[in-house]
């Protein structure tokens with residue numbers, strides 16, 4: 037039995053069946069305004085899903101159970117096999133948005149993704165070479181620190197535009213709310229996505245480089261003895277004393293008394309997410325390390341990126357798995 041709904045357009049009620057052979061008078065949507073089209077589609081959706089409350093409740097239950105189980109599995113996987121978890125997550129972060137943006141023909145994102153992939157692939161290739169070139173660590177940290185700052189600024193700009201739009205400030209510049217919101221959300225997406233992806237690649241490169249230099253190993257003691265005038269991150273001599281101010285770069289001493297190039301240790305801690313001394317693995321106090329108050333929000337921003345990694349990398353996969361379960365059970 038075909039469901040029937042009523043749509044009122046310009047004061048006239050139209051009765052439309054859901055099956056084509058029961059619709060002697062089809063409504064031409066091309067002649068309707070966007071608001072009227074939305075009303076027609078909304079009415080059709082309600083008529084189609086009328087009486088499916090039990091099925092919808094079952095679908096919601098499947099979604100909740102799948103989310104809980106997936107979260108438990110991911111937590112256990114991360115605790116027991118962190119390397120494989122990080123590698124798969126990094127691959128998910130790199131591929132999943134590419135699939136959706138290609139499907140939606142978002143060429144602007146695809147262009148930036150291609151540029152990022154080419155440069156990062158070259159940087160990662162340099163970081164994994166043995167023996168490690170003396171200029172590679174500085175090159176790696178400069179690229180990822182630059183990417184980190186650009187993504188941070190882009191994300192803040194996007195968030196600001198979104199908030200200004202919510203408060204109606206866009207009307208002062210005669211910008212439509214939907215255009216301003218689209219622009220702000222796009223900037224926020226770019227900043228968060230490349231911020232998360234860049235940090236993951238930076239962590240991988242940091243592990244490779246430090247292990248190659250020999251002053252750091254993920255487990256066990258260092259394979260080389262660290263001299264007082266050598267930076268344990270890049271393996272290059274320290275030319276400026278801690279108490280002196282360098283022309284190009286200063287030095288920094290951790291609480292464990294090990295001295296590093298300031299640029300190297302900041303790249304190690306901020307970009308590479310290593311909150312420990314590269315040599316003795318003593319905990320690094322990031323709040324003490326950043327005396328400039330404008331740099332402290334970067335630490336909180338890094339934690340925010342870690343929280344969003346699950347939503348970007350795994351949430352689409354989980355939703356797709358839920359849709360597969362619904363399809364198998366005939367819940368559509």
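Numbering (my numbering), first residue to last: 37 to 368. We treat Cβ as the ideally placed atom computed from N, Cα and C, and that holds for glycine.
Query, Result
"What's the gap between the Cα of residue 98 and the Cα of residue 353?", "15 Å"
"By a C-beta neighbour count over all protein chains shown, 10 Å radius and 16 as the cutoff for buried, is residue 118 buried or exposed?", "exposed"
"Report buried or exposed for residue 264, applying the criterion of at least 16 other Cβ atoms within 10 angstroms of its Cβ.", "exposed"
"Would residue 36 and residue 344 qualify as a contact pair, given that the criterion is a beta-carbon distance under 8 Å?", "No answer is possible for residue 36: the residues shown for the chain start at 37 and end at 368."
"Using only the heavy atoms of the ligand COA, determine whether one of them is closer than 7 Å to the beta carbon of residue 237.", "The ligand COA is not part of the structure shown, which contains no ligands of any sort."
"Hey, would you say residue 183 sits closer than 8 Å to residue 350, going by beta carbons?", "no"
"Compute the distance between the beta-carbons of residue 146 and residue 156, then report whether it is under 8 Å.", "no"
"Should residue 223 be flagged as near chain D, meaning a C-beta pair shorter than 8 Å?", "Checking the listed chains, one finds no chain D in this structure; it contains a single protein chain."
"Flag this pair as touching only if the segment 195 to 203 and the segment 172 to 181 have three or more C-beta atom pairs under 8 Å; answer yes or no.", "no"
"Pop quiz: residue 268 and residue 315 are said to be a contact at Cβ under 8 Å. What is the actual Cβ separation, rounded to whole angstroms?", "4 Å"
"What would DSSP say about residue 128, mapped onto helix, strand or coil?", "helix"
"So who's on the other strand from residue 266, going by DSSP bridges?", "273"
"Rounded to the nearest angstrom, what separates residue 290 and residue 240 at their Cα positions?", "23 Å"
"What does the alpha-carbon distance come out to for the pair residue 168 and residue 100?", "48 Å"
"What number of angstroms, rounded off, separates the C-alpha of residue 90 from the C-alpha of residue 362?", "14 Å"
"Can you check whether the CB of residue 274 is closer than 8 Å to the CB of residue 287?", "yes"
"Closest by CA to residue 127, which one among 234, 313, 294?", "234"
"What first and last residue would you give for the beta strand (DSSP E) that runs through residue 180?", "Counting along the chain, residue 180 falls outside any beta strand (DSSP E), though it belongs to the alpha helix (DSSP H) covering 172 to 202."
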